[in-house]
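Residue numbers (the working numbering): 232 to 370.
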C-alpha cells in the first residue's frame, strides 16, 4: 500500500530526477577523471543550479557491461543529482536512480532519495573532482 509519506518521498525523487531535460545533453567529464575503464561519467550542464556556494548538477554513469551480477536489480546506467559546496570542496548525492538501459534509458531498477546531510570531501583526481570542475567553475 502506498502511504502518503511514501508517495511524497517518491514524488520528491521524481521531481529531482525529472529536472533533467527530456533530451539531456550529456557531456563526458575530462578523461583524466574517468577513473574506471568500464564506465563513462557524464554531466548535463543545462541542469546546473547555483545558490551562493552550493551548486546542484545532474550526472550520469554509463557502464559498458551490466552491473549487479546475477541479481534481479541489474542495470547499465545511473542518473544522479549531486550537490557541491564549491568553497569547501565537498559533495553529497541528493538522489540516484539505476536504469536497465544505457544512458539513463529503460526501466528504473532502483534508487531514490539519499541522505542530504552527508557531505564528503572531493578527492583529487576522482570522479567527483571531474564533476566539481564542471559544476563549480565560474563563467
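Yeah, the Cβ is synthetic: ideal placement off N, Cα and C, and Gly gets one too.
It should be emphasised that the depicted structure is a prediction, and the values quoted were computed from it without experimental measurement.
Cβ shell of residue i (< 6 Å), same chain only, five flanking positions each side left out
i, result
"residue 297", "305, 307"
"residue 174", "Nothing about residue 174 can be reported from this structure: the residues present for the chain run from 232 to 370 only."
"residue 295", "269"
"residue 341", "304, 329"
7 Å CB neighbourhood of residue i in its chain, flanking five on each side removed
i, result
"residue 266", "357, 358"
"residue 252", "Note that residue 252 scores a pLDDT of 46, beneath 50, so its modelled location is shaky; the value from the coordinates is reported in the next line. 277."
Same chain, Cβ closer than 8 Å to residue i, neighbours up to 5 away in sequence not counted
i, result
"residue 285", "314, 315, 316, 317"
"residue 336", "308, 330"
Beta-bridge pairing of residue i - partner residues as DSSP gives them
i, result
"residue 289", "275, 312"
"residue 280", "287"
"residue 353", "Residue 353 is not bridged to any residue."
"residue 321", "316, 352"
"residue 329", "309, 341"
"residue 259", "273"
"residue 298", "306"
Cβ-heavy atom distance, residue i to the ligand GDP, below 7 Å
i, result
"residue 271", "This structure lacks the ligand GDP; in fact it carries no ligand of any kind."
Of the residues the options, the one placed nearest residue i, counting alpha carbons only
i, options, result
"residue 303", "289, 345, 339, 257", "339"
"residue 293", "287, 301, 311, 300", "311"
"residue 326", "290, 257, 256, 319", "290"
### Message
For the pair the stretch 274-288 and the stretch 356-369, tell me if three or more CB-CB distances fall below 8 Å.
### Response
Flag = yes, the stretch 274-288 and the stretch 356-369 touch.
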